[in-house]
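Notes follow once the structure below has been shown.
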Amino acid sequence: MAYDACLEYAQGLGVPWLVLSGGYGTGKTHLVRAIAAQLVKTNSSVRVWYVPTLLDFLKAGLNAKENDISLMDAVSGVKILILDDLGVEYSTDYTESLLEKLLKIRYEGEKHTVVTTNLTLTQLPGYLQSLVSDNTVCRWLDMQGGKDFRRSNNG
């Protein structure tokens, strides 16, 4: 099911947002990297960010007195944004506000966005629960309880 949904997304079918929720080792990152590789073949502009690294980038730019708007525009303006491991970052009010701003910009513009997370729907921050619950814009793939392929391949 997850494979088919990711294939459809990579072919440009369906809604603009795709969220893969599942435990460690269930293949979320593997699937979204395959989506990115397929989209690059079609000359789509794709940017993949590990969420903690993205937040470090945004915070460093702001600390260096970079323009907050230009940094956010650079990240939010990409045609297809893939955010890997949302929820593993060290969460503060500041980082939550950065993520909320970014995701609301993309949601309101119906910009193609793919997110992986270990969190369940009810564990997400309230604003994000609302965004991903809009099935006219987002498809939620529940991979919770899936097999950890990393552990099963190591003996």
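Using numbering that gives the first Met the number 0, you'd call the opening residue of the sequence shown number 0 and step up by one each time. Here a beta-carbon is modelled for each residue, glycine too, at the ideal position from N, C-alpha and C.
Checklist entry - Three-state secondary structure (DSSP) at Gly-125? => result helix
Next on the checklist: Going by DSSP in three states, Met-71 sits in which element: helix, strand or coil?
Outcome noted: Here Met-71 sits in helix by DSSP.
Item to check | Boundaries (first-last residue) of the alpha helix (DSSP H) holding Thr-28 | outcome: 27-40
Item to check | Three-way DSSP call (helix, strand, coil) for Thr-116 in this model | outcome: Strand at Thr-116.
Item to check | Euclidean distance between Cα positions of Cys-5 and Val-31 | outcome: 7 Å
Next on the checklist: I need the DSSP call for Ser-20, collapsed to helix, strand or coil.
Outcome noted: DSSP, reduced to helix, strand and coil, places Ser-20 within a strand of the structure shown.
Checklist entry - Roughly how many whole angstroms lie between the Cα atoms of Lys-40 and Gln-10? => result 11 Å
Checklist entry - Along the chain, where does the beta strand (DSSP E) that runs through Asp-83 open and close? => result 79-85
Checklist entry - Going straight from the alpha carbon of Val-136 to that of Phe-56, what length do you get? => result Distance between the alpha carbons of Val-136 and Phe-56: 27 Å.
Next on the checklist: To the nearest angstrom, how far is the alpha carbon of Ser-96 from that of Leu-54?
Outcome noted: 11 Å
Checklist entry - Is the CB-CB distance between Val-114 and Leu-85 below 8 Å? => result Yes, Cβ-Cβ distance for Val-114 and Leu-85 is below 8 Å.
Checklist entry - Where does Leu-98 land, buried or exposed, given buried means 16+ other C-beta within 10 angstroms? => result By the neighbour-count definition (other C-beta atoms within 10 Å, threshold 16), Leu-98 is a buried residue.
Item to check | Cβ pair Val-131, Leu-101 closer than 8 Å | outcome: Between Val-131 and Leu-101, the gap from beta carbon to beta carbon reaches 8 Å or more.
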